[in-house]
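Structure first, commentary second.
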Amino acid sequence: MTTTSLVWFRQDLRLADNPALAAACARGAVVAIYILDEASEGVRPLGGASRWWLHHSLAALDRALGGKLVLRRGDPARVLDELIAETGADAVFWNRLYDAASVARDASIKAALRGKGVEVRSFNASLLFEPWEIKTGADAPYKVFTPFWRAAYQRGAAPPASAPKGLKVGAARTEGLNDWALTPSTPDWAADWRRYWTPGEAGARARLDAFLSGAIKGYAEARDYPARDATSRLSPHLHWGEISPRRIWAALHHANAPARDAEAFQRELGWREFSYHLLHQFPDLPTRNWKSAFDAYPWRTSAADVRAWRRGRTGYPYIDAGLRELWATGYMHNRVRMAVASFLIKHLRIDWRVGEAWFWDTLVDADAANNAASWQWVAGSGADAAPYFRIFNPVEQGRKFDADGAYVRRWIPELKLLPVRFVHVPFEAPSAVLAQAGVRLGETYPRPIVDHAEARAAALAGYERVKSAVPREAE
DNA sequence: TGAAATGTTGGGGCG
DNA sequence: ACGCCCCAACATTTC
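Counting the first sequence from 1 gives a position; my numbering is that position plus 335.
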């Protein structure tokens, strides 16, 4: 008689270096399940881009499991009970999640199953370090990135494991992936996304290999220029756990990259770890200011401004190019993410949570920890955040990081013919130049929805309220 | 992982 | 030769 274990897949959609899967495999047969949880209290519904990615990643995982991935929809506690009854499994293994709602749900399920005599074990598949592992000398959590990363780096990352050998996958009743309708239909805004992305473990490995044999060289310098293909684009693969950070870390060591480039890339993985560290310390990170003094900030509401920002119609080409790249591909270069976030928060004085929600819906790498930590970083309300008064000039940022305007031209074709001198400032171009380039301001491309100098002054005035606010304890 | 305002320095034109 | 002014270039501070 064989022993059967359930492996509950969540954000670990891979076979290699998957500790829950390996532990189950070591016991005997495995039933692999993904549960679409739209029922649990507080679990945030997936954004549109995430649903698209999940669809294709589940299809890839199913292929890797010989077509035996079990798909169920509903309350995970109930679904797991049913599957235990159906398969005779006596153990359930999974890899950890770190957002508050998942933590609460999983703890409750773990207690309930153990109460019924089921063996339950959870593992770390997503992070180099558990978020509670890295502590200061005084045994407190770090609040500043650099010392956090120094302490973490010193520990060294664990090596990755291979996919388990002799995996025996059992079958069970499954729902149809297509019936979940995770991909958009009317309209199908992701029709050409397979050109940009290959969700799944194999796609993740291919992306890593391409990066380590290509763009890693020169990464430290080139990554700042959004028109260049100079970043890894591993973020969605990492979010869904199609590749482990341990694998990336180890592969980087074998890649013989220049030390400066390797360290710059490792540092980005470090920010990801730090985001999870912060989320663990402060579970409300996605919804509340880490620095409570920012509760006093006088945010504006303006549906029209938010709409213009989302659609990439602010009148500042560099900002609009980023927002259109996001809409078109489910991704935005990190440099530009900072600029568009700064623009929403400071030029428009819209609450960072509005931007966080848009990114959650539209990014293929939407991630509760990274998204919240990054928005709070830009807002100035986060831990070790940029100071509030660091207000990006949308024109200067464009000139600095997109000097020839290639990025703007790629995503805003209506500005394609503008000479370099005016590509970041169409509103300053003489009418003859605009006419020559076929640009009609206010018609083919909007005028700026705010004046930079005025917006900057208003943002700084709003910040006075934060400075005089009394923070809550323990900051 | 900024930008703007303000301060300092030094070279060149000029009386 | 010298002082004065202008201003660019760079440094510092302030937001």
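The beta-carbon is built from N, C-alpha and C at its ideal position, and this holds for glycine as well.
Note that the structure is a prediction, hence the values are computed from the model and not measured.
First through last residue of the beta strand (DSSP E) which encompasses residue i
i	result
A426	A426 to N430
W343	T339 to F344
S437	Premise fails: S437 lies in the alpha helix (DSSP H), A435 to G450, not in any beta strand (DSSP E).
Y369	A364 to L371
L547	Premise fails: L547 lies in the alpha helix (DSSP H), E536 to L547, not in any beta strand (DSSP E).
R456	E454 to F458
R408	V405 to R408
For residue i, the first and last residue of its enclosing alpha helix (DSSP H)
i	result
R734	P729 to F736
S385	G383 to A399
F464	Element bounds for F464: n/a, residue is neither H nor E.
E556	Y554 to A557
R791	H787 to K802
R349	Neither: R349 is in no alpha helix (DSSP H) and is coded neither H nor E.
F678	Note, F678: premise wrong, no alpha helix (DSSP H); not H, not E.
G690	W687 to T697
V414	P411 to T422
E598	A594 to Q616
S570	S570 to H574
T664	P652 to T664
CB of residue i within 8 Å of CB of residue j, strictly
i	j	result
A357	S340	no
Q711	W625	yes
V427	W343	yes
V504	A597	no
F629	I654	no
A794	Q732	no
D434	A714	no
S461	D559	no
I578	L543	yes
A384	L698	yes
R431	F458	yes
A555	A487	no
D425	T338	yes
P519	Y651	no
D696	G363	no
P476	Q616	yes
Y798	Y723	yes
I469	H612	yes
L415	A507	no
W429	R345	yes
Burial state of residue i (16 or more Cβ within 10 Å)
i	result
G402	exposed
E810	Confidence is the limiting factor: at E810 the pLDDT is only 49, short of 50, which leaves the residue's position unreliable and the question unanswerable from this model.
T566	buried
V405	buried
H668	buried
Q489	exposed
W532	buried
E536	buried
E763	exposed
H391	buried
N353	buried
K451	exposed
W467	exposed
E789	exposed
R771	Reading off the sequence shown, one finds Gln at residue 771, where the question assumed Arg. Answer is exposed; the Cβ neighbour count stays below 16.
Alpha-carbon spacing of residue i relative to residue j, whole angstroms
i	j	result
S803	I583	45 Å
R791	L753	27 Å
T622	G377	12 Å
P571	A701	7 Å
W515	F727	42 Å
V755	R684	30 Å
Y780	G740	16 Å
R349	V760	46 Å
F480	E778	45 Å
S766	A436	55 Å
P580	L573	7 Å
R725	N706	19 Å
V365	L502	8 Å
Y372	G423	Going by the sequence as given, residue 372 is Asp instead of Tyr. So the two alpha carbons sit approximately 23 Å from each other.
I370	K751	46 Å
L396	A447	28 Å
I747	L776	14 Å
G657	A631	29 Å
Do the segment 674-692 and the segment 635-643 make contact, defined as three or more Cβ pairs closer than 8 Å?
Result yes; three or more Cβ-Cβ pairs closer than 8 Å.
Cβ contact check for the segment 484-499 and the segment 637-651: 3 or more pairs under 8 Å:
no
At a cut of 8 Å, does the segment 603-619 reach the segment 733-752 through at least three beta carbon pairs?
Touching, no, given that fewer than three Cβ pairs across the two stretches are closer than 8 Å.
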